[in-house]
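What follows is a single structure, written as structure tokens, with notes after it.
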Amino acid sequence: MNILLLPELDNEQTSFSITDLSQIKHVQQVLELKAGDGLKVGSLNGELGTAVIEAVSDTQLKLGSLNLNTMPPSKLDLTVVLALPRPKVLRRLIMDMTAIGVAEIILVNSYRTDKSYWQSPILSRIDEFVTEGLQQGVDTIAPNIQLKKRFKPFVEDELSLWAKDRSLVVAHPYSPLSFNAYIEQAGLPQVLCIGAEGGWIDYEVGLLQDNGCQPVNIGSRILRTEAAVNALCGRYL
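Written out as structure tokens, the structure reads:
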């Protein structure tokens, strides 16, 4: 946590009280701050700045001298289409992509996405993971996140339209074209399609390719989803 993310505030507001226990615990136990200490803060969908701790207990953190005066970093020109992964992996991926600055995240169904993942209570906590990612990346603007349970209609009806004015790639370890070679030829793509554990099946790769996606590999090693996402998205930093 490199900033303390506050709700949407008026820039003229100079004080605020926090009751989120995880934030209070972080300030007390990790940052080891006390009354009179300053810290970095940000207002959701607003600006970054600083505040001073006026009082802190186990249940409340009172901030004063609130000064929001710095714009957050620009979002990357990047949409990640990600096959819904295992629930315990999803938290880390949402946090990482948010911290990196991905503008849009589309979670889609795939052949290797277990149906039970769509009923997981973890999906109701996505906003929580976004907040963690924003606090890590020193940002205040959340990515646009959408869930698409039907793969083929999404690809044919929505993703296909993006290909008219955006560049799209699909990560596929058996593509003869490397991601590095693609970038040298066409620059960084604006859309990355990344499979879950086990990757996309041939039908899915073919459908994505038929609708404007160029298959690319990221090397000879077969990576887990987390490693693939970070390896690909890291190229945009």
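The sequence shown maps to residues 18 to 254 in the numbering used here. All C-beta atoms, glycine included, are put in the ideal place defined by N, C-alpha and C.
Ordered list of beta strand (DSSP E) runs contained in the region 102-167, each at least 3 residues = Qualifying beta strand (DSSP E) stretches, in chain order: 121-125, 161-165.
message = Going by DSSP in three states, residue 25 sits in which element: helix, strand or coil?
response = Reading the sequence shown from its first residue, position 8 is the one you call residue 25. Coil at residue 25, not helix or strand.
query = Taking the DSSP output, what are the residues bridged to residue 231?
reply = Against the sequence shown, residue 231 aligns to sequence position 214. 186, per the DSSP bridge assignment.
query = Where do the ends of the beta strand (DSSP E) carrying residue 86 lie?
reply = Against the sequence shown, residue 86 aligns to sequence position 69. Residue 86 -> beta strand (DSSP E) spans 78-87.
ask   = Quick check: the region 164-183 against the region 192-205, are there 3 or more CB pairs under 8 Å?
value = no
Own chain residues within Cβ distance below 7 Å of residue 121, not counting five before or after = Counted from its first residue, the sequence shown places residue 121 at position 104. Around residue 121: 96, 160, 161.
task = Report the rounded CA-to-CA distance for residue 100 versus residue 71, giving the unit in angstroms.
result = Here residue 100 refers to the residue found at position 83 of the sequence shown. Here residue 71 refers to the residue found at position 54 of the sequence shown. Distance between the alpha carbons of residue 100 and residue 71: 45 Å.
ask   = Since residue 33 contacts residue 80 with CB under 8 Å, what's their CB separation in whole angstroms?
value = The residue given as residue 33 occupies position 16 in the sequence shown. The residue given as residue 80 occupies position 63 in the sequence shown. Indeed they touch by this definition, with Cβ atoms about 5 Å apart.
message = Applying the 10 Å Cβ sphere with the 16-neighbour rule, what's the burial state of residue 133?
response = Start at 1 with the first residue of the sequence shown, and residue 133 comes out as number 116. Exposed: under 16 other Cβ atoms inside 10 Å.
ask   = Among residues of its own chain, excluding the 5 on either side of residue 245, which ones have a beta-carbon nearer than 7 Å to its beta-carbon?
value = Translated into positions along the sequence shown, residue 245 becomes position 228. Excluding sequence neighbours, residue 245 sits near 188, 211, 235.
Residue 20 in three-state terms, based on DSSP = In the sequence shown, the residue the question calls residue 20 occupies position 3. Under the three-state reduction of DSSP, residue 20 is assigned to coil, being neither helix nor strand.
inquiry  = Going by DSSP in three states, residue 57 sits in which element: helix, strand or coil?
reply    = Start at 1 with the first residue of the sequence shown, and residue 57 comes out as number 40. Residue 57 falls in the strand class under three-state DSSP.
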